[in-house]
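Structure, as structure tokens:
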Ligand code: AMP
Ligand code: MG
């Protein structure tokens, strides 16, 4: 008998199959910077100015000309004026004098160096310099950080706190970004009830649509919420058609397995085409990916843990590819020591919810965050990473090294 995991494709193969046919969206919109948070740059951004815009002081101290120092080692110098940030020194600068200068103030013309205040002594109305002075010291040159015309951002970068203030510093007030992706989402299942209604016997609350909406919003997508769809081929068909009409990507949850009320895969086949629908991954074995006439389709499993894990590992890279992003925001993999034994059977990649921390000896340790059943969402609430257990690996003993993938901001906050 064939093992039940044969014929299942790996996560890497699935990612290749998902990404290959995608063409990134091209439509652009121009937005004011304050409205651009979370959006993706549509083109490179070049600087219209030099940063800093003018030569200025890196210290509070005195601007000087080396020729004035050469007069004598023991020279004391009169202070001929002041340069403050935003208030340049004006007027003549007599020979044998220095100019008091503050951090960020424009350099008076002819300045060779700035000596910091701590390396000077007051001698009445004069100062004496108490350390060696090197030409150019404590001076920030115009354009030293960014030159006019230099690219400061590339296309496909997310505009967050690390990038938007930089654009402000360049005087840029508008930016060209990609249009938002429109993503339609619906849950399937006769047992599902929206939060806020009392549960009848056999019913449960719809967790998945809420979780997916949250993640889509974080990824900057426009969400078309089609609600809960009954396990009924006609209603499912209507939802598929409506979603396909409205969105770039359609995401459903539930009904994608081999049970009696599982119609999702067949509907994808009827209305479009199925690229794959079985993954050698736990959780997430049933995950249908394919094409509808106007949109891409992802059929996520019904168990909430599986729905979130497959969204994180498959849908997130898909959406970032559609947005032409170089980086899908996932964190680098790390090695950690298993603080306790972890159960696993060979055959599928296992993405367990784990909690990592540094122990008192500074060693990165990880342990599973509670029960790993696909229906146990509480394990997510206790976790800060995935424990990535390779497909052919069996159980892990305490003390063995495992790979972990810290959660990114999609799950973290
Ligand atoms: P299914 O894939 O439709 O067979 O669903 C698998 C399991 O996930 C079943 O126990 C469902 O009741 C449960 N489930 C399906 N959809 C949801 C949902 N939206 N929220 C919470 N649980 C769900
Ligand atoms: Mg179902």
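Numbering (my numbering), first residue to last: 1 to 413.
Cβ coordinates follow ideal geometry from the N, Cα and C atoms, glycine included.
Please read all numbers here as calculations on a predicted model, not as lab measurements.
Item	Value
Residue 95 classed as buried or exposed, judged by whether at least 16 other C-beta atoms fall within 10 angstroms	exposed
Endpoints, alpha helix (DSSP H) assigned at residue 308	304 to 310
Burial state of residue 381 (16 or more Cβ within 10 Å)	exposed
Where residue 114 falls, given that 16 or more other Cβ within 10 Å makes a residue buried	buried
Sequence-ordered residues whose beta carbon comes within less than 5 Å of a heavy atom of the ligand MG	189, 254, 255, 302
Nonlocal neighbours in the same chain, by C-beta distance under 8 Å from residue 210, ignoring five residues either side	195
Integer-rounded CB distance, given that residue 351 should sit under 8 Å from residue 309	5 Å
CA nearest to the CA of residue 191, picked from 199, 185, 184	199
Residue range of the alpha helix (DSSP H) that includes residue 158	Per DSSP, residue 158 belongs to no alpha helix (DSSP H) and is neither H nor E.
Other residues of its chain near residue 288: CB distance less than 8 Å, five sequence neighbours each side excluded	256, 264, 265, 268, 274, 276, 277, 297, 298, 299
Identified DSSP bridge partners for residue 380	Note: residue 380 sits in no beta bridge, so no partner.
The ligand AMP heavy atom lying under 8 Å from the CB of residue 13	no
Nonlocal neighbours in the same chain, by C-beta distance under 7 Å from residue 2, ignoring five residues either side	Its pLDDT being 45, under 50, residue 2 is placed unreliably in this model, and the value from its coordinates should be taken loosely. Closer than 7 Å at the Cβ level, and outside the excluded window around residue 2, lies no residue.
Own chain residues within Cβ distance below 8 Å of residue 224, not counting five before or after	182, 183, 184, 185, 243, 246, 247
Candidates 155, 412, 85, 108, of which the one nearest residue 326 by Cα	155
The segment 140 to 150 in contact with the segment 118 to 125 per 3-pair CB rule at 8 Å	no
DSSP beta-bridge partners of residue 120	129
For residue 278: DSSP bridge partner residues	286
Three-state class that DSSP yields for residue 313 in the structure shown	helix
heavy atom of the ligand AMP below 8 Å from residue 259 C-beta	yes
According to DSSP, residues forming a beta bridge with residue 367	355
Alpha-carbon spacing of residue 38 relative to residue 220, whole angstroms	6 Å
Cβ-heavy atom distance, residue 206 to the ligand AMP, below 8 Å	yes
Length of the line joining the Cα atoms of residue 133 and residue 53	25 Å
Buried versus exposed, by CB contacts within 10 Å (16 or more), residue 336	buried
Limits of the unbroken beta strand (DSSP E) element including residue 410	Residue 410 -> not in any beta strand (DSSP E); alpha helix (DSSP H) instead, spanning 409 to 412.
Residue range of the unbroken alpha helix (DSSP H) whose run includes residue 103	No alpha helix (DSSP H) contains residue 103, which DSSP labels as neither H nor E.
The segment 41 to 55 in contact with the segment 161 to 180 per 3-pair CB rule at 8 Å	yes
The ligand AMP heavy atom lying under 8 Å from the CB of residue 346	no
Whether residue 31 touches residue 348 by CB criterion (9 Å)	no
Whole-number beta carbon distance between residue 99 and residue 80, since they are thought to touch under 8 Å	6 Å
Residue 307: CB within 8 Å of a non-hydrogen atom of the ligand AMP	yes
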